[in-house]
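Residues in the sequence shown are numbered consecutively from 5, following this note's numbering.
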Amino acid sequence: MHKWRERPDRCYWVAFKDAKTRKLVWERCGWASEGWTPEAAQKRRYELLEQDRAGAYKPKQERKGDQMVFRELMEEHYLPWARENKKRHAGDEHLYRNWLKPRFADKELRQIAPLDLERLKKEMRESGKAEATIRHALCLVRQAFNKVVVWRLWTGENPCKGVAFPTPNNARQRFLSQDEAARLLEALRQRSPQVARIATMSLYGGLRLAEVLGLAWSNVDLKNGIIMVQDTKNYESRPIFITDPIRQIISELAPEEPDELLFKSKTGNPVQWLSKSFAATVNELKLNEGVSDPRERVTFRTLRHTYASRAVMAGVPLYVVGKALGHRTLVMTARYSHLAPDSHRAAFEAVAQNCKKTSNDLQVVNLEEE
5 MHKWRERPDR CYWVAFKDAK TRKLVWERCG WASEGWTPEA AQKRRYELLE
55 QDRAGAYKPK QERKGDQMVF RELMEEHYLP WARENKKRHA GDEHLYRNWL
105 KPRFADKELR QIAPLDLERL KKEMRESGKA EATIRHALCL VRQAFNKVVV
155 WRLWTGENPC KGVAFPTPNN ARQRFLSQDE AARLLEALRQ RSPQVARIAT
205 MSLYGGLRLA EVLGLAWSNV DLKNGIIMVQ DTKNYESRPI FITDPIRQII
255 SELAPEEPDE LLFKSKTGNP VQWLSKSFAA TVNELKLNEG VSDPRERVTF
305 RTLRHTYASR AVMAGVPLYV VGKALGHRTL VMTARYSHLA PDSHRAAFEA
355 VAQNCKKTSN DLQVVNLEEE
């Protein structure tokens, strides 16, 4: 059963009498989790009635593939598939509901052109959306069109072809000093012990929020001092070492059944999102005072960034840091290279000087044709 805000999801249908046959026609609108409300369903019913009176209405089963509208693609095919196959489908649903649906819902797929997507980019930028968010919206459109072709429901060209996707530079630059981290954790303990524990796991384990919230007791191996992180962003499990701060957190929690989560809500359910306590504490400590660049602002992700920054400054090789963070490629870890100790920089300088010397020693020989 679909769930929406910890309640059973609700699917909305509308019914009306066909003007010609006088038969009752039922048409599916969509789920509450997709943004549908009784008011929206009623509006859709009025639209269908107007089409029917004008003689333009066709039941879905009679529509040809080239007449498929974007709403039908997303709500009846792509989003249901995403719920079953993508761990982070909520972001897709949010982008569709807030940006794609208002612009393309009743447009036939063949009518959506690259220029429409260029206009979407412009509107999102003007509203202050980050380049990464704009890129995600375009990626969603591209994947939805690719899927509808794979499913043989449509044979047209993907409108994303030829559209330039933004290349965001949203890598976090800010990391916490020892004093800032200590003050933040202490203030969190006073406000919300659970949020403080979650933050500690990220700060001393380099875990993403979703990874912390997904930890079960079966992942904890106290004997060998390892926690196996599963259901990661890149779908690859990885171990993290149980250091003293993490061991202290585990000791404060009461061990339960192996499949039980370490962190649960007051009602015993999985924690879906971080409470406002973290942001409120950051504001209380004025850690973001006078900071306008989003990359410099302290968020929960700053804890993971701090973990990586400290490791690199302590001389841990970038490859090892990347493995600890769950990076797929070293390129993702390279953002921390400027923090490497002077000894590492000296090594790279030696390589550069050696290359320069080798280049100077080369002699050019002119070969005359015989």
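Glycine included, each C-beta is placed from N, C-alpha and C at the ideal position. What you are looking at is a predicted structure, and each value in this text was computed from that prediction instead of being measured.
Exposure label - residue i; buried when at least 16 CB within 10 Å
i: Tyr208; result: buried
i: Asn223; result: buried
i: His331; result: buried
i: Leu226; result: exposed
i: Gly59; result: exposed
i: Tyr82; result: buried
i: Arg75; result: buried
i: Leu28; result: exposed
Nonlocal neighbours in the same chain, by C-beta distance under 8 Å from residue i, ignoring five residues either side
i: Ala191; result: Thr285, Glu288, Leu289
i: Glu161; result: none
i: Gly95; result: His140
i: Pro42; result: Tyr16
i: Pro163; result: Ile116, Ala117, Pro118, Asp120, Leu121, Val145, Phe149
Beta-carbon proximity check, residue i vs residue j, cutoff 7 Å
i: Val275; j: Leu189; result: no
i: Leu213; j: Val152; result: no
i: Tyr311; j: Gly229; result: no
i: Ser313; j: Leu334; result: no
i: Leu257; j: Leu219; result: no
i: Cys33; j: Ala45; result: yes
i: Gln244; j: Ile254; result: It is Ile, not Gln, that sits at residue 244 in the sequence shown. Going by C-beta atoms, Ile244 is not nearer than 7 Å to Ile254.
i: Val167; j: Pro118; result: yes
i: Trp158; j: Leu113; result: yes
i: Glu293; j: Gln177; result: no
i: Gly172; j: Glu130; result: For clarity, residue 172 is Pro in the given sequence; the question names Gly instead. Going by C-beta atoms, Pro172 is not nearer than 7 Å to Glu130.
Residues near residue i in its chain [Cβ-Cβ closer than 7 Å; skip 5 each side]
i: Ser279; result: Ser196, Val199
i: His169; result: A small fix is needed here, since residue 169 is Phe in this sequence, not His. So the qualifying residues of the chain are Arg139, Leu142.
Reference residue i; option with closest CA among the options
i: Ala23; options: Gln55, Gln46, Tyr16, Glu38; result: Gln55
i: Arg26; options: Leu53, Ala36, Arg156; result: Leu53
i: Ile250; options: Glu215, Ser269, Pro298, Arg201; result: Arg201
i: Gln115; options: Lys327, Leu329, Gln71; result: Gln71
i: Glu97; options: His309, Glu79, Lys111, Arg107; result: Glu79
i: Ala186; options: Trp30, Gly326, Leu307; result: Leu307
i: Ala102; options: Met205, Glu127, Arg87; result: Inspection of the sequence shows that residue 102 is occupied by Asn rather than by Ala. Ranking Met205, Glu127, Arg87 by Cα distance to Asn102 puts Glu127 first.
i: Lys165; options: Phe149, Pro321, Thr171, Val29; result: Phe149
i: Lys237; options: Lys90, Ala86, Pro259, Leu180; result: Lys90
i: Leu180; options: Leu329, Thr204, Ser37, Pro172; result: Thr204
i: Asp110; options: Gln182, Ala328, Arg123, Arg48; result: Arg48
i: Thr247; options: Phe282, Asp297, Glu215, Ser206; result: Ser206
Residues near residue i in its chain [Cβ-Cβ closer than 6 Å; skip 5 each side]
i: Tyr16; result: Cys33, Trp40, Ala45
i: Lys125; result: Ile138
i: His375; result: Since the first residue of the chain shown is 5 and the last is 374, residue 375 is not available in this structure.
i: Met317; result: Leu343
Residue i at chain B interface by Cβ criterion, 7 Å
i: Gln198; result: The chain labelled as chain B is not found in the depicted structure, where only one protein chain is given.
In chain order, each alpha helix (DSSP H) run of at least 4 residues that lies wholly inside the region 248-326: 248-256, 281-288, 305-317, all fully within the region 248-326.
Alpha helix (DSSP H) segments (min. 4 residues) lying fully within the region 76-137: 83-89, 93-99, 105-108, 118-130
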